[in-house]
Structure formats: structure tokens, C-alpha cells
Amino acid sequence: MTSLYRVLFILLLVLGFSACDSADPRATQVEFWAMGQEGEQVRALLPEFERRYPTIRVRVQQIPWSAAHEKLLTAYAGDAMPDAFQLGNTWIPEFVALRAIEPLNDRLRAWPQPALGDYFPGILATNRLNDQIYALPWYVDTRLFFYRSDLLAAAGFVKPPTTWEDWLKALQALKGAADAGRYAILLPINEWQLPVILALQRGATLLRDHYQYADFQNPLFREAFSAYLGLFEQGLAAPVSNTQMANLYQEFAKGTFAVYVSGPWNIGEFTKRLPAELQPHWTTAPLPTLAQVAPISQTEGLAVQEVGASLAGGASLALSRTSPRQEAAWKLLEFLAEPAQQARFYQLTGDLPARQSAWDDPALADNRYAQAFRRQLQNVHATPPIPEWERIANRIAYYAELAVRREMTADAALAALDRDVDRMLEKRRWLLARGVMP
Amino acid sequence: MISAERHAALSAWAFLSPALLLIVVFFFLPVLAALLLSFTDFDIYALGDLNRLRFVGFANYLQLLQSPLFWTALGNTFYFVVVGGPLSVAVSLGAALLVNSRLTRFPGLFRTAFFLPVVTTLVAVAMVWRYLYHPRYGLLNYGLSSLGLEPIDWLGDPVWAMPAIILMAVWKNFGFNMIIFIAGLQNIPPQLYEAARIDGASAWRQFRYITLPLLGPTFLFVALMTMIGYFQVFAEPYVMTQGGPANRTVSVVLLMYEEGFRWWNIGYASAAAFVLFALILAVTLLQLKWRRRSALDPGSR
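Here you go:
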């Protein structure tokens, strides 16, 4: 019964707060949900926005990342969506399927032509479904190598290799130079990212027939999967999960492992948590290419040729389809998309900007760890744009773990993965057959 | 004119109605809704548009029973209940006997100390235990290595993960049952022990023929509550292993949570909830029946 009183008490509080929440009756109050530290830091950008648009007031609701997905779904179910909100790029297909997001094409037509081209193309692709853009990329995320340059140099590699063939040699040399209990690369056994990256680099599509069926027994995925398992079989990686790493940064500092596949958030963490004497001895490098594959040449820049594909991730900003204040909320989205605001947001949070011109800002251009990300972001691929994807990725991680632990052969694992994923996609096939899909 | 009896009944209903209303609105209706949902394929698509909802009959239940993950989860849950439950009851009974013993000095201090883990936040406790279990720097492995034994990767090894979780859960929970046992022990009239001592009964015989039988009702209560609680194990694996390694610590409730709140397969998750409910009900009834029979027929013990 105490919990009931708590609920009543909270209700009273909410009523009380909303009663005194009436600043300017003429101003449009835009409700904006943002997650974690972004939700905290974005407030610093808003005074400028409100100065430019005196009739719009923004109320930022900060939501912890761990509860964000659930809260947005609950808000949708309860018809209490905010006017504008941040969401993970991989959630976009789900919210599109829910018809919770307003498509932006009509509004984007008013933009000058080069503006959309300023976004990293692989990142913008995650926000495009059926030729509609549903959200504006806010900041970006991808995976690449963090490594100990001192250990790599000691093993005979002064510059980071650019092909998998050479990286494997480097990893072998690192393993050879290390004593027992150490290994070359940390690959948490319960992550799906690296097997999927290796598959995307080989051109595997993961799913087939308009994402209606699994395609993991495809030779391309199979090859990627054995390359992944090979890293463990050769003793280059140890079969540990990321819950087992009590302190990743300490282990990296000690040289328990020399290479780690991770994302931009770790630039800040490594800078902050590694001891000062180690700071000159770590850096980042883009993922290597498969030597035998012809370089991808459709995008500009010399660096492109040397970078192997990685995952397109990050967070975007969307408008609620049912919001009565879409015009005001759209102004906010446009404001946050301006290169100057993107650069400022990077300075506040360390989140990498989605617009390439923001990267010319000195703060970012001078960050030696970030430059590898800029090159990497020229070659990033989206995962299949369907709501089921996160669940499928979870199954990939599950079967990859079983195969690494040798509780299943690679073939049996992929067959089981195909079977499970086909079952998950049953509803999707039914919806497509009935034509009730957006 | 309403009769006095009718009047009394009416006022009873009037006083009860707020509580009943709350139970109906916040318990029975949701349970009923969940039961109905378990016969549908309610998911993220259906949330967006109810035209995408299908009535699937018993398909969720069938799929659940055919799913290897469900059987793994059920096996893990039974493992946790069968090993952890009796262990927890035994440890709390032992602790209660020690704390309640006349030889113990400062019983209040020990009672508080043993009860502390119960009121500590599980997440904080789990973080500390994760350090204790750490394969390289953990205190447990330090102890093992000083005995000349090989280190164990407690939370990472598929064989050891569940025992590690059981150990933590027992440590975290035994204080609660201990308090109940102490209350039970203090209800036993001291004359019985005096009489037994005069008859020359040993400490073990006193325990076997006085303490245990008179603790019977307490024992039943503790055993039932522990079993029901342990069947619903969730937070320990959720915080410490997230079901890993290789799904060796996925429990039925963790599976239900993942399906329902992570993947939004509400229909399927509801089916899992009802299967677990049926299971707990069946085991509870069995235990009560067995108790009643042994109470009627003390010779069979």
C-alpha cells in the first residue's frame, strides 16, 4: 500500500508543477527529450536558440540512456510523446513502424542543396527508409581500433597496418611478444559488432528478399564468421565477456590486451582514465580493408581507399507525428543541425558531429584521436533497417559466443541462427503479404 | 428498514471497497489483461496499429515449450531453487540457532549484522561481489591460490556462474529468514528443554525432537516463501551476468523481462509469466499437501 501512496504523492507533485509551469502565455513550449549527458549539455545551446526565436521556449527533459527506449515506447503507448526527441539511429525503423515519427522530406526541401550532402552519407542512410528521411543525424558513432602504439611499435609495426592481412601479422607479433595471461586484442565474446562488420566488409547482406528471411548461411557471412572465430582459435583474443572485465582501462594500461574495437565515447574515457605516462602511447586507427577487395571509390578523398567498412551508428533528432507544435520543434532541430552548433556540441560533450563541415572546427581538427574517426566515417554501413534488427543482433552475439566456446560448430551455429531469425521475421512477412506495412 | 446484519454487511463492504477496488484495478484487471494478451501476438507492430494484432490461440505457449531457451531458463531456475532454496533455509536456521544460543554474546549485534545484507541495495552488493569473483584480483581466487588451487573464473565459466550467483543470493537473503526463525525459536516454551535436559537428552536430540517439530509451521512458511521468491529470481543474474555466460544464468523471469520489455513481445512474455505462475502454484500445492499429510501422520517422518 505504501507504493500506492507514493504514486498518489507523485501525481500531486506533477499536478503542482504543471500548475506553476506557465511562463509566457504567448510562447510556444516545445517539449524536447534528450538522453544522458546530451540531455544535460544541450541546455547550454538553448539560450542562443531562444534569443533567435523569442516566441519559442524549449523544455528539455533529460532521460537516462538505460531507460530511454522504454520511456519513448511508453510515451507513445500513453499518447504522451514529446514534440522533439533524440533517438538511437538503430531505433528509427521501430519508431517508423509505430508511425510515431514525422517524415521530414517536405521540410527538407526548403534546405539549400548542399546541406544534406554535408552529412556523412553512411550515417544519413540509417535515417532514410523508403526514400523518406525520418530524423536528422545529431552526432555519430562507429567502431574502430583503439590500440597501444608503444606495444605495436615494439612488435615491429611503427605505423598501423591498413589491411586485415597485415593486422593479423601484427596481432600475431603482439601475441608472441606478450607473456602468458596476455593477448593481442580484446573482443568481448558477447558482442555482435565485429562478426557483422567482417560480414559487411565482405559484402554480405545478412538478410534477404527485402529483409524477410535470414541469410547467415550465405558463403560471405560464413567466411566472415570463420575469420572471427579464427581470432580466438589462434589465441589472439581471449573468450571473455564484457561483464568479466572489472576495469577495462586498467587492463589496457597494463597491456593485458593491446587492441580494442570500440567507439568515440572511449576517446574521452581513455584520455580521462589511463595514467598520464601512458597517454602518448595509445591512439586510434580505422578498420583495415580486405586486401583482395577492390577499394570503394564512389566517395571523395584519398583516405577512403584505405579504410575498411564499419557500422553506422549514433543518435538523431526526430519530430513526433502527433505533435501540435511541429513547426516550433522543427526550428529547434534545424538549429541543432547547424554546423556551428554541432561544433559547440562537440566541445560540450565530445560527441562527434554528424555534419562534415563541423569537423573543420579547430577543436576537432586538432584532436588526433578523432581524425581516424573522420576517415572511418567515410565508409560506414547501416545494419538492416527493420525493427527486428536489435533482436537479430542479439541472436548473432548469442550464437557467436556458443561457437567461440566450441559448444557448437560454426555450421550448426549459423543454421540455428538462420532458423531463429526466420521465426522472428514471420510477423514481418505476414505484414508485407497483407500490405499493412508503412 | 434494513436488518442489523445486512447493515453490518453493507458497512463492511463500504469499508473494504477502496482496498478491493484497488486490488481489482491494479491487480486482477492487469492479470486478466495479461492472460488475454498471452493468446495474441502483441508486439511493437501491434502497438502502432491494432490491425496488426493477431489472435494466435495457444501458439505462444507452444512456441515457448518448443523454445530451447525457455527450457534452459527453466532448468537454470530449478537449479537455483533446488540448490539455493534448501541452502538458504539451512543457513538461516543455523544462523538463527547460533544467534539465539544462550552462549552467544551480543545477539543484537549479530542479528543486525546478519540482517544488513537484506536491506542493502542489490545493485551495490552485486558490484562488490563482482569484485570478489574477479578471476585475477578477486578475494575468492586469492584464497584459492593461497591454498594452492587453480583460480576459477566465477562469473565467466558456464559451470561456475550459477553456483556463484547462488552463493551471493544466499548471503544476501538468509538474514530475513533468520529473523523469522529466531521468532519461531523464541516461541518454544523453555520448559520443554528443561524437561528434556532432566531426562538426559543430548543437544542433538533436543534439536531433533523439540526444536524441529515445534518450528514446523515456521519452517513451512519459510520454505514456501523462499521457494516462491527463488522461483522468481531475476535481479541477481540481471545485474551480475545478464544471463550469460552462454545463457547459463538466464532465469524464467529474466527471459520474460527480456522478451517483454526489451523486445516488446508482450504476448509471448505474458505466456511465459503464466507458465511460471502455474508452475509455482503446482509446486506450492504439492508442498502444502505433503506437509498436511506428514502433519496428520507423524509416524511417516
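Residue numbers (my numbering), protein chains in the order written: chain A, 570 to 1007; chain B, 32 to 332. Glycine included, each C-beta is placed from N, C-alpha and C at the ideal position. Source: prediction; values computed, not measured.
Which residue wins for smallest C-alpha separation from residue i, given the options the options?
i	options	result
Gln925(A)	Pro623(A), Phe914(A), Gln682(A) and Gly686(A)	Gly686(A)
Ala77(B)	Arg323(B), Ile210(B) and Gly298(B)	Gly298(B)
Ser119(B)	Leu41(B), Val149(B), Ser301(B) and Arg136(B)	Val149(B)
Asp188(B)	Val281(B), Thr71(B) and Pro166(B)	Pro166(B)
Arg964(A)	Arg324(B), Glu289(B), Leu53(B) and Leu255(B)	Glu289(B)
Arg842(A)	Tyr818(A), Lys900(A) and Phe826(A)	Tyr818(A)
Phe875(A)	Gln947(A), Thr659(A), Gly883(A) and Gln762(A)	Sequence inspection shows Glu at residue 875(A); the Phe mentioned does not correspond to that position. Looking at the Cα atoms, Gln947(A) is the closest of the given residues.
Val201(B)	Leu93(B), Pro248(B), Glu36(B) and Ala121(B)	Ala121(B)
Pro788(A)	Gly824(A), Gly804(A), Ala979(A) and Phe714(A)	Ala979(A)
Met199(B)	Tyr162(B), Val87(B), Leu180(B) and Leu66(B)	Tyr162(B)
Gly88(B)	Ser69(B), Asp80(B), Leu175(B) and Gly179(B)	Ser69(B)
Arg595(A)	His850(A), Lys728(A), Tyr622(A) and Ala603(A)	Tyr622(A)
Ala653(A)	Trp958(A), Gln631(A) and Thr659(A)	Gln631(A)
Leu251(B)	Gly106(B), Trp44(B), Gly231(B) and Ile211(B)	Ile211(B)
Leu905(A)	Pro706(A), Lys640(A) and Gln895(A)	Pro706(A)
Name, please, each residue of chain B whose Cβ falls closer than 7 Å to the Cβ of residue i.
i	result
Leu888(A)	Simply none; closest approach about 17 Å.
Glu970(A)	Ala277
Arg960(A)	Trp294
Mind pulling the chain B residues with CB within less than 8 Å of residue i?
i	result
Pro956(A)	Ile75 and Tyr76
Arg519(A)	Residue 519(A) falls outside the range modelled here, since chain A spans only 570 to 1007, and no answer is possible.
Ala646(A)	Leu78
Val1005(A)	Asp80, Asn82 and Arg83
Residue j and residue i - do their beta-carbons sit closer together than 9 Å?
i	j	result
Gly657(A)	His638(A)	yes
Arg997(A)	Gln781(A)	yes
Asn131(B)	Ser301(B)	no
Val599(A)	Arg620(A)	no
Val949(A)	Gly772(A)	no
Thr257(B)	Pro268(B)	no
Leu95(B)	Val306(B)	yes
Asp930(A)	Pro833(A)	no
Val830(A)	Gln762(A)	yes
Pro855(A)	Gly877(A)	yes
Phe205(B)	Ser123(B)	yes
Leu776(A)	Ile961(A)	yes
Ala941(A)	Phe689(A)	no
Asn208(B)	Ala127(B)	yes
Phe101(B)	Ala227(B)	no
Ala694(A)	Ala951(A)	yes
Arg824(A)	Ala749(A)	Inspection of the sequence shows that residue 824(A) is occupied by Gly rather than by Arg. Contact flag unset, no.
Phe726(A)	Asp735(A)	yes
Asn816(A)	Pro276(B)	no
Thr597(A)	Ala972(A)	no
Glu663(A)	Ile75(B)	yes
Pro633(A)	Phe601(A)	no
Phe111(B)	Val264(B)	yes
Gly115(B)	Ile197(B)	yes
Leu756(A)	Leu800(A)	yes
Leu245(B)	Leu223(B)	yes
Gly79(B)	Ala1002(A)	no
Residue i touches chain B at which residues, Cβ-Cβ below 9 Å?
i	result
Leu1000(A)	Tyr76 and Arg83
Going along chain A, which residues have a C-beta under 7 Å from residue i?
i	result
Phe292(B)	Glu639
Trp102(B)	Within chain A, no residue comes near Trp102(B); the closest Cβ sits about 15 Å away, beyond 7 Å.
Determine the chain A residues that contact residue i at a beta-carbon separation under 8 Å, and present them in chain order.
i	result
Asp72(B)	Lys996
Trp295(B)	Leu642
Quick one: is residue i near chain D, going by C-beta distance under 9 Å?
i	result
Ala845(A)	The structure shown contains no chain D; its protein chains are A and B.
Report yes if the C-beta of residue i is less than 8 Å from at least one heavy atom of the ligand HEM; otherwise report no.
i	result
Gly174(B)	For the structure depicted, the ligand HEM is absent and the ligand set is empty, with no information on it obtainable.
When you check each C-beta in the stretch 276-290 of chain B against every C-beta of chain A, which residues fall closer than 9 Å? Pro276, Ala277, Asn278 and Glu289
Exercise. Relative to chain B, which residues along the stretch 659-671 of chain A have a C-beta separation below 8 Å, given in chain order?
Worked result: Those residues of the stretch 659-671 of chain A that come within reach of chain B (Cβ to Cβ, closer than 8 Å) are Glu663, Ala666, Leu667, Arg668 and Ala669.
So if I threshold CB-CB distances at 9 Å, which residues from the stretch 780-807 of chain A count as touching chain B? none
For the pair the stretch 671-678 of chain A and the stretch 882-893 of chain A, tell me if three or more CB-CB distances fall below 8 Å. yes
Anything in the stretch 753-778 of chain A with a Cβ closer than 9 Å to a Cβ of chain B? List those residues in chain order, please. Ile758 and Asn759
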